[in-house]
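Chain order of the listed sequences is A and B.
Reading the first sequence from the start, the letters are residues 150 to 370 in the working numbering.
Reading the second sequence from the start, the letters are residues 7 to 262 in the working numbering.
Notes for the one structure printed next.
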Amino acid sequence: MKPRLEREVIAMRAAKELKDGDYVNLGIGIPNLCALHIPEGVIFHSENGVLGYGPLVMQDEVEKADQHYTDAGGRYFTPAPGMVIFDVLTSFAMISSGRLITILGGLQVSEKGDLANWNTGEDPLGGTIGGGMDLAVGAKRVIVAMEHSTKDGKPKIVKQCIAPLTARECVDLIITDLAVIEVTPDGLLLKEVAPGWSVAEVQALTEPRLIVAPDLKDIEL
Amino acid sequence: MLNKIFDSFDQAVADIPDGASIATGCWGAASLSQNLIAALRRKGVKDLTLIVHNFLHLPFFTEEEGVSPAVLLPQLKKLITAVVGLQVLGAGAFVKEYVENGLEVELTSHGTLASRLYAGAAGLGGIYHPVGVGTILEEGKEKRVINGKEYILEMPIKPDYAFIRGYKADKVGNLVYWGVYRENHPVMAMAARVTIAEVDEIVEVGDIGPEHVVTPGIFVDRIVKVSEGGLGSPQRSKELLLKVAQLDIVRKIVFR
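Written as structure tokens, this is what we have:
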């Protein structure tokens, strides 16, 4: 088995998509790992009504945890200068007015950029919708950071999502442990591959046909 | 001056009848109006509709130590929410037996829920919302194309009561929050027919400057003070955190 990128490395690559002055909302899973690699000047948003919060409290810093400061996932964060607190309606207006970039996890992404990431199966109570649909529909740029295939080797980039959808035609960029793929009107454009992986090998683990970018390169950090 | 201050949480919820609808914030136990929820549980009213962003079940502490919205399960007829349970704890598995016995669960997204409550407050007839198009949320709803984009019709929510968790209120109900206690409470307070606030402090009129009030007193009908060190108080929250932080699963949820 060839080595794939570690989850932390996927997160590092995803974090490279952000720059000073961007507002970002990170979903759970690999996206959360991006927090440590994000460039200076990027401002974090949490759906429960916070913008510009500081680092999350670490497991060995329990004394720093303050119940007035928890993010949408229930994690304690530290306040930072310039942080703002507001109500949820305002918070979602930040999303729906197209001011935020979001990095989300994914179960499946289709060739049209449909995203399924809230529930694996048929039972609506088996997963949680939360604010993921709002982010997928409203964010000005939707980046999905996920593993390229499932634990049993099935492609997660598919012709049509089988898992219940989060939103239709919303994904702009897919970053996996094997590739960086842009969703374009013509189809999925393979822009970067993990070092040591060929286009054919990535294609074999991807259901829809990939268009290979003329300037295809190895994933760089 | 009309007295909005109630001496006990039980008195503050005394008129809530069977079949009432109640909106309450819950983004973690700290922003939940724990005392009002506990009082509603003691009252035992039935067939309630609960509107809550996160319907959480937090089995890490006893009901005497800390309350989660799940304590109301036996009293609910309907639940409108964006999150049922924490994913790491099996999401909505804990409501299954209630659903089998007739509990109706209406799933929505956080943003849609906030908009629907605003629509309730603003007296709108409905809202065409882009979130949920192509998903399970569009089932049974009117769809409409506006300027080439698809929307679904979402209906306003006008709860009978809202329970809000404030920090300070003055005696006429002008109120400020502290940190993420704010969440969707300002909108819930506007949408409900009767809004009941549980707060850490009650202060004199004028002590909160006019530019600093977040929820104006016109939206706050009843105020009850959380007892120091009691359920839902900052001291209690800290104690509970120190206790549950011993548990691996909790540490993974609440810390980096």
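Every residue, glycine too, gets a C-beta built ideally from N, C-alpha and C.
Burial state of A:Ala229 (16 or more Cβ within 10 Å) | exposed
Residues, ordered as in the chain, of the segment 143-165 of chain B that lie near chain A by beta-carbon distance below 8 Å | Leu143
Cα separation between A:Ala265 and A:Gly255?
-> 6 Å
A:Ser246 beta carbon less than 9 Å from that of A:Glu196 | no
Can you find a C-beta in chain A that's less than 9 Å from the C-beta of B:Glu105?
-> Sequence check: residue 105 of chain B is Val here, not Glu. At least one chain A Cβ lies under 9 Å of B:Val105.
Take the Cβ of A:Gln309 as the centre, count every other Cβ of all protein chains shown within 10 Å, and call the residue buried at 16 or more, exposed below.
-> By the neighbour-count rule (16 or more Cβ atoms within 10 Å), A:Gln309 is not buried but exposed.
Taking one C-beta from the segment 211-223 of chain B and one from the segment 251-262 of chain B each time, how about it: are there three or more such pairs within less than 8 Å?
-> no
Assign B:Gln252 to one of three DSSP states: helix, strand, or coil.
-> coil
Let me know the secondary structure DSSP gives A:Phe193 once reduced to three states.
-> strand
Residue range of the beta strand (DSSP E) that B:Val58 falls in?
-> 54-61
Quick one: does A:Pro230 have its CB under 9 Å from some CB of chain B?
-> no
Distance, Cα to Cα, B:Leu95 vs A:Trp346?
-> The straight-line gap from Cα to Cα measures roughly 37 Å.
Span of the alpha helix (DSSP H), counted from its first residue to its last, around B:Ile43 = 40-49
Label B:Gln40 either buried or exposed according to how many other C-beta atoms from any shown protein chain fall within 10 Å of its C-beta, with 16 as the threshold for buried.
-> buried
Check whether the segment 181-188 of chain B touches the segment 146-159 of chain B, taking contact to mean three or more Cβ pairs, one atom from each stretch, closer than 8 Å.
-> No, because fewer than three Cβ pairs between the segment 181-188 of chain B and the segment 146-159 of chain B fall closer than 8 Å, the two stretches do not touch.
In this structure, does DSSP put A:Gly275 in helix, strand or coil?
-> helix
Going along chain B, which residues have a C-beta under 7 Å from A:Ser259?
-> Within 7 Å Cβ-Cβ: nothing; A:Ser259 doesn't reach chain B, min ~11 Å.
Cβ neighbours of A:His217 in the same chain (closer than 7 Å, five flanking residues each side left out) | none
Taking the C-alpha atoms as reference points, what is the distance between B:Glu71 and B:Ser37?
-> 15 Å
Nonlocal neighbours in the same chain, by C-beta distance under 8 Å from B:Val77, ignoring five residues either side = Ile43, Ala44, Arg47, Glu69
Whose C-alpha, out of B:Ile11, B:His63, B:Ser27, B:His59, is nearest the C-alpha of A:Ala221?
-> Of B:Ile11, B:His63, B:Ser27, B:His59, the residue nearest in Cα terms is B:His59.
Sequence-distant residues of its chain with Cβ nearer than 6 Å to A:Val237 (five each side left out) = Gly198
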